[in-house]
Structures are given as C-alpha cells and as structure tokens.
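Below is one structure, written out as structure tokens; the observations come after it.
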Amino acid sequence: MALNLKSLLFVSLFTALVAAPIAEATVSIRLLQLQGSVFCTPDGNILVNGTATPVFPNAVVQLRCGAGNVVVSAITNGAGVFSNIGLFPLNLSLSTLLSTCNLVVNTPLSNCNSMLPSVGRLQSPIQFNGTILLGPLNTLNITIVSPVRFQLVA
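In mature numbering (1 follows the signal peptide of the UniProt record, and there is no 0), the protein residues as written are -19 to -1, 1 to 135.
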C-alpha cells in the first residue's frame, strides 16, 4: 500500500511540475507598436502636389492618452520614420486607446526648417493597423498603430 501511495504522490507531483509552465505560458503579453513618418511641412504630412517633401529627422513622437500621459515615445530617423514598441496600457481597451490617445510631435517645426513655426506642436489621432501574434499559443500580442493625419495645434 505504501508503494502505491508513493507512486500516486510521484505522478501527482510530476504532473503538477509539467503543467505549471504550460499554464504560465498562456498568459498573454500585450505590446503596442507605433509606426509612421513625420514630414517637415506646416502640418507634418506629405505634400499632395507631387513635389518632393522634406522629412523631419530627430523629432520626438509621443503617444499621449487621457490627460497627456505619455505611453510610448519614439524618435524619427534620418528619413523621418519612427517605430517603437512599448507595453500596451493595461487599463485601456483597443477602442479606448483609439478614441482617447493621440500622437504628438513635441519637437518644434522650426527645428527642421527655420521658416516654419517655432510654437505649437503636431498632433494626430491614431488608427489601428493590425495585430501580430507570436510565440507558443500566441502569447505575444503586438497591436500596431499609426497617425491618421497630423495637424498643427497651439
């Protein structure tokens, strides 16, 4: 009888040890990726008349939610492109994120062209571009957002 009890205890302990990492792996990690471009124009967007549009390098781009809380920041590269990954805010759903958050360029436009305003900042609502699921059991969830259209605000 003691041998059967020991066998049962061993099997139970072994099952618990094997099941623990599997159960832990099902916890999803949510990340948020910002991506887009900023141009050195009065509204930060590409020109529509076909002329070459200068880019805005080294501009600080922030995702701000609610009362201006910075969730993720990025800096544009030499081509005016930004991309960065941060943690998805735990207290926000995707629909709340899209309705209450904006991308803000804090760097003055005059930094890329002295003829542009030195006051105000570029701001854009965000749009959902898709989701990437990675890892075993899709444990890594990356939500991708980008600007809709920048505007100069006071």
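Just so it is clear, CB atoms sit at the ideal spot from N, CA and C, and this is done for glycine as well.
Locate the beta strand (DSSP E) running through residue i, then write down its first and last residues.
i, result
"T81", "Run containing T81: none in the beta strand (DSSP E); it sits in the alpha helix (DSSP H), 75 to 81."
"R102", "102 to 115"
"S127", "121 to 128"
"V19", "Here V19 belongs to no beta strand (DSSP E), and DSSP marks it neither H nor E."
"G67", "62 to 68"
"S54", "50 to 56"
"C46", "41 to 46"
Note down, in chain order, each residue of its chain lying with its Cβ closer than 7 Å to the Cβ of residue i, except the 5 sequence neighbours on either side.
i, result
"G111", "I125"
"L(-7)", "Reliability of the predicted coordinates at L(-7) is poor, the pLDDT of 47 falling under 50, and the value obtained from them is presented with this limitation in mind. So the list is empty, once near-sequence residues are dropped."
"I53", "Position check: residue 53 holds Val in this sequence, whereas Ile was assumed. Around V53: L13, L15, L44, N65, G67."
Distance, Cα to Cα, residue i vs residue j?
i, j, result
"A135", "G49", "15 Å"
"T22", "P35", "7 Å"
"C82", "I123", "17 Å"
"D24", "L71", "32 Å"
"C93", "P38", "7 Å"
"V51", "T32", "34 Å"
For residue i, is the classification buried or exposed, using 16 other Cβ atoms within 10 angstroms of its Cβ as the cut-off for buried?
i, result
"R98", "Here residue 98 turns out to be Pro, not Arg, going by the sequence shown. Exposed, since its Cβ has fewer than 16 Cβ neighbours within 10 Å."
"T57", "buried"
"P128", "buried"
"G47", "exposed"
"F20", "buried"
"R102", "buried"
For residue i, which residues from the same chain have a beta carbon less than 6 Å from its beta carbon, with the 5 sequence-adjacent residues on both sides left out?
i, result
"L121", "I10, L115"
"A55", "L15, V42, F63, N65"
Whose C-beta lies closer than 8 Å to the C-beta of residue i among residues of the same chain, with five residues either side of it excluded?
i, result
"S95", "none"
"L28", "F20, T22, T34"
"residue 153", "Outside the shown range of the chain (-19 to 135) lies residue 153, about which nothing can therefore be said."
**OP:** Evaluate contact between the stretch 27 to 45 and the stretch 86 to 99, counting only Cβ atoms and requiring at least three cross-stretch pairs below 8 Å.
**Re:** yes
**OP:** Would you check if the stretch 14 to 30 and the stretch 48 to 66 touch, i.e. whether three or more CB-CB distances between them fall below 8 Å?
**Re:** yes
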